[in-house]
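Please read the structure below before turning to the comments.
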Amino acid sequence: MKDREIELIHKAQKGDSFAFEQLISSYDRQVLSLAYSIVGNSDDAQDIYQEALISAYKALPKFRMQSDFFTWLYRIAVNKAINFKRKKLKYQVESITKPDSDSYGSDHDLRISSSETPEEVTIQKELKDIIEEAVLLLSTQERMAFVLCHQQGYKLHEAAELMDCTLGTVKSYLFRSREKLKVHLKPYMEN
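Counted the way the working numbering counts, the sequence shown spans residues 213 to 403.
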């Protein structure tokens, strides 16, 4: 850890909320992106992100610096996202078994980069939607490994540390995720 980060951790552990804000500011996008990659919904990802930050703030006095702060924060966010998915799945199962109940909907608030023509914007959005749909078909662990290594640029050993598993396990998740994505995206690659 950097000296500045250690200093901010110590201040935040003593209750300095401004130090905590500074500490997490460099990880905002990564944690939010992780939450979105697990739940696939921007509103839910925002909620998970907020819950993870609240939990991290409350647990910070117990943080012993045995791991990197980011790894610790990431694990909190992963656990919050997985717990959210479990609760949502339970709700969906219950709603299916009850007549006249509404199931969860999906509200994707995706941003795409601007292109020169409306056709390119449409194609880009369709492609992004297809890929995100395919990624959401992966198991939670496969999706996390894929997102960490292919979308967020982490090295395999970093992904293993963040996911709290072995390097071989991450490689296995990546292999399975690539195979599943190839199958799902094959019709689109042929066109």
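Idealized CB from N, CA, C, for every residue including glycine. The structure presented is a predicted model; accordingly, all values stated were derived computationally and were not measured.
- In the structure shown, residue 253 adopts coil according to DSSP, grouped into three states.
- Inclusion of residue 244 and residue 224 in the CB contact set at 8 angstroms is not warranted, their separation being larger than that value.
- With contacts defined as CB atoms closer than 8 angstroms, residue 350 and residue 389 qualify as a contacting pair.
- The C-alpha of residue 278 is placed about 36 angstroms away from the C-alpha of residue 391.
- Per the C-alpha coordinates, the member of 262, 241 and 358 positioned closest to residue 296 is 262.
- For residue 363 and residue 227, the gap between their C-alpha atoms comes out near 34 angstroms.
- In this structure, residue 293 sits away from residue 359, with a CB-CB distance that is not shorter than 8 angstroms.
- When only Cα atoms are considered, residue 229 and residue 221 end up about 10 angstroms apart.
- The C-alpha of residue 255 is placed about 24 angstroms away from the C-alpha of residue 283.
- Taking all protein chains in view, the Cβ of residue 236 is crowded by 16 or more other Cβ atoms within 10 Å, so the residue is classified as buried.
- Of the other Cβ atoms in all chains shown, fewer than 16 fall within 10 Å of the Cβ of residue 395; this residue is therefore exposed.
- Distance check between residue 232 and each of 285, 387, 346 and 330 places 285 closest, using alpha-carbon atoms only.
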